[in-house]
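Step one of this worksheet: look at the structure below.
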Amino acid sequence: MTSCLTRGETQTPDNESVGLPNVAFFPFDTLEAQAAKPERWNPSPNYPDEAGSDLATKLASTKLSSGDQSAPSHIAVPKSGNEPDPLKKIDLATALQYGTAQGYPPLLSWIRQFTREQLHPNAPYQDGPEVILTCGSTDGFSKTLDMFVNSWDPNVHSERDRPGMLCEKFIYGNVLGQAQPRGVQAVVVEADAEGMLASGPGGLEDVLSNWDDAKGKRPHLMYTVT
Amino acid sequence: MGHNPTGVVLSVERRKEIYAVCSRYDVIIVEDDPYWYMQFPSAEIEEGRSRNLPRPEKRQQPTSGKQTGYAFLDSLIPSFISVDTEGRVVRLDTFSKTIAPGCRLGWITAQPALIDRYLRYEMDNLLS
């Protein structure tokens with residue numbers, strides 16, 4: 002966690018350059034919610050014919066509370082909390098204030114930990130995977146296109162410079178809508194019942210090794226919904 | 052893990068084959084994986100039963116590397132991230148399918164140097 006804090010502190014001059022409004026002027030005093038407890042839904046066992054043999058089954062039969070499982074728990078976020086650790090401090094004084102480009106520290110911290118410990122415990126990166134918050138995957142893909150693609154305009158640029166994006170024949174349509182205004186051409190890779198083909202006619206190797214430069218740049222970006 | 056719109060789940064073997072080709076031709080892999088948790092070994096067993104097929108092999112828990120200790124998480128087919136020895140994978144995650152679509156909240160996972168570039172981009176576009 003230290004790395005994300007350090008980056009947040011060293012790379013965001015905005016806290017110094019922007020006047021921070023007085024907390025007393027924020028027009029909310031608390032945020033409160035009734036939220037479902039985890040036990041409202043029972044996880045289904047991985048192997049139902051081996052009941053009792055795995056953790057999911059044990060979890061499903063474990064009652065964390067004896068009360069009504071559909072009853073929600075009450076969450077109250079105070080105006081100002083006493084927590085000294087900014088990665089744990091959840092209050093309106095920080096949530097409604099100017100922050101860093103990384104987003105709300107406790108949220109980023111939780112997502113980062115979940116990603117590193119639960120989703121990708123075996124990522125081969127030396128210091129583990131890093132994360133950055135988005136406004137959903139569509140926003141994430143838009144930023145990804147901005148990062149990896151030079152926008153191409155048929156009236157300005159040569160056909161040979163046209164960027165390409167490898168994708169399966171059947172593709173989530175929104176993605177094409179995001180790629181087209183940037184001049185990116187979709188390059189189709191054939192798929193079988195197991196997904197995109199790596200080799201064989203129309204497969205990834207075939208498409209890339211037989212690329213015709215006159216049709217545009219050989220694609221350096223692949224989009225896949227795995 | 053489930054392809055939209057076909058529902059196919061890419062096997063680990065196929066992932067490695069595709070990764071090897073992307074490595075040869077220097078291709079960045081964007082893995083959009085909103086349905087990563089929708090893998091049900093129980094459904095494979097029920098499918099076999101209704102189609103008079105033999106009971107499918109039990110999914111192998113990973114024998115090497117770290118485990119989370121949660122049987123379900125450890126039974127999932129691992130992400131492209133798990134084979135990304137060259138740092139060419141960008142993974143998109145979202146809360147739209149797990150909490151609620153209106154959250155408009157998600158995250159990108161990648162190697163640290165790439166995420167640092169995303170952060171600099173973010174600082175130019177979203178000074179908050």
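Heads up: the sequence lines are chains S and Z, in that order. To convert a position in the first sequence, counted from 1, into this note's numbering, add 1. To convert a position in the second sequence, counted from 1, into this note's numbering, add 51. Don't be surprised by glycine CBs; every beta carbon is placed ideally from N, CA and C.
So what does DSSP say about residue i, is it helix, strand or coil?
i: Arg142 of chain Z; result: strand
i: Trp111 of chain S; result: helix
i: Tyr76 of chain Z; result: coil
i: Gly153 of chain Z; result: helix
i: Thr136 of chain Z; result: coil
i: Gln162 of chain Z; result: coil
i: Met89 of chain Z; result: coil
i: Ala194 of chain S; result: coil
i: Leu32 of chain S; result: strand
Does residue i pass the burial test, meaning 16 or more other C-beta atoms within 10 Å, or should it be called exposed?
i: Trp153 of chain S; result: buried
i: Val140 of chain Z; result: buried
i: Pro136 of chain Z; result: Checking the displayed sequence, the identity of residue 136 of chain Z turns out to be Thr instead of Pro. The residue in question, Thr136 of chain Z, is exposed, as its Cβ has fewer than 16 Cβ neighbours within 10 Å.
i: Glu64 of chain Z; result: exposed
Look at the alpha carbon of residue i and the alpha carbon of residue j, and state the distance between them as a whole number of angstroms.
i: Asp125 of chain Z; j: Pro92 of chain Z; result: 12 Å
i: Arg171 of chain Z; j: Met148 of chain S; result: 11 Å
i: Glu51 of chain S; j: Pro44 of chain S; result: 15 Å
i: Leu21 of chain S; j: Gly100 of chain S; result: 10 Å
i: Asp175 of chain Z; j: Val150 of chain S; result: 17 Å
i: Thr116 of chain S; j: Asn156 of chain S; result: 43 Å
i: Glu98 of chain Z; j: Ala215 of chain S; result: 48 Å
i: Pro85 of chain Z; j: Arg142 of chain Z; result: 10 Å
i: Gly254 of chain S; j: Thr160 of chain Z; result: Outside the displayed span of chain S (2 to 227) sits residue 254 of chain S, for which this structure offers no information.
i: Gly153 of chain Z; j: Ser147 of chain Z; result: 7 Å
i: Gly217 of chain S; j: Thr225 of chain S; result: 21 Å
i: Trp212 of chain S; j: Gly165 of chain S; result: 11 Å
What first and last residue would you give for the beta strand (DSSP E) that runs through residue i?
i: Glu97 of chain Z; result: Note, Glu97 of chain Z: premise wrong, no beta strand (DSSP E); alpha helix (DSSP H) at 92-101.
i: Leu134 of chain S; result: 131-135
i: Thr225 of chain S; result: 222-226
i: Glu108 of chain Z; result: Run containing Glu108 of chain Z: none; DSSP gives neither H nor E here.
i: Glu169 of chain S; result: 165-169
i: Ser126 of chain Z; result: Segment 122-126 is the alpha helix (DSSP H) holding Ser126 of chain Z; no beta strand (DSSP E) there.
i: Gln127 of chain S; result: Per DSSP, Gln127 of chain S belongs to no beta strand (DSSP E) and is neither H nor E.
In terms of residue numbering, what span does the alpha helix (DSSP H) encompassing residue i cover?
i: Gly228 of chain S; result: Since the first residue shown for chain S is 2 and the last is 227, residue 228 of chain S is missing from the structure and cannot be characterised.
i: Ala96 of chain S; result: 93-96
i: Gly141 of chain S; result: 138-149
i: Ser205 of chain S; result: For the record, residue 205 of chain S in the displayed sequence is Leu; it is not Ser. First-last of the alpha helix (DSSP H) with Leu205 of chain S: 205-210.
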